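Below is one structure, written out as structure tokens, with a few remarks after it.
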């Protein structure tokens, strides 16, 4: 299935009239793609814009400008959204505590994670877990 999806996407993106999605353009850019790979490889790392820019080999301003232009949002905003998406997936595991989720995705503690999650999703991680794991009727 993965190979089929990749083949279909490549065929779609190589059409002359193709409108490439921002995530695809961002991943293929040498600077932004490098930063994205770093963020995805270790989302729990205490990333800062200066540290990410140094690893990508560019200035903070250049990374911020280019990342925002290609990914549609600043690098640290992207990282927060990515961490919270990972956290939502981890909350589906019934025995995973909020502290463990917070640690795995890079929040300082369960309280910071819970506040960020509620701000992003409008409900607490506990409510999300309850809604997500409820049997379908």
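Residue numbers (my numbering): 639 to 775.
Just so it is clear, CB atoms sit at the ideal spot from N, CA and C, and this is done for glycine as well.
Because the structure is a prediction, the values reported are computed rather than measured.
Close Cβ partners of residue i (< 8 Å) along its chain, the five nearest in sequence each way excluded
i	result
residue 724	681, 742 and 743
residue 720	677, 678 and 681
Residue i versus residue j - alpha carbon distance
i	j	result
residue 664	residue 649	18 Å
residue 765	residue 640	33 Å
residue 711	residue 705	7 Å
residue 748	residue 739	8 Å
residue 654	residue 661	18 Å
residue 733	residue 700	42 Å
Contact belief for residue i with residue j at Cβ below 8 Å, rounded distance in angstroms
i	j	result
residue 702	residue 687	6 Å
residue 754	residue 728	Actually they do not touch by this definition, with Cβ atoms about 14 Å apart.
residue 647	residue 673	Not confirmed; about 22 Å, so no contact.
Residues near residue i by beta carbon distance below 7 Å, same chain, minus five either side
i	result
residue 642	none
residue 756	762
residue 752	736, 762 and 763
residue 778	No answer is possible for residue 778: it lies beyond the span of the chain, which begins at 639 and ends at 775.
CB of residue i within 8 Å of CB of residue j, strictly
i	j	result
residue 669	residue 709	no
residue 717	residue 685	yes
Sequence-distant residues of its chain with Cβ nearer than 6 Å to residue i (five each side left out)
i	result
residue 693	676
Residue ranges of each alpha helix (DSSP H) within the segment 650–709, 4 or longer: 660–666, 668–679, 687–694 and 698–709
Any alpha helix (DSSP H) of 4 or more consecutive residues that is wholly inside the segment 722–754: 736–743
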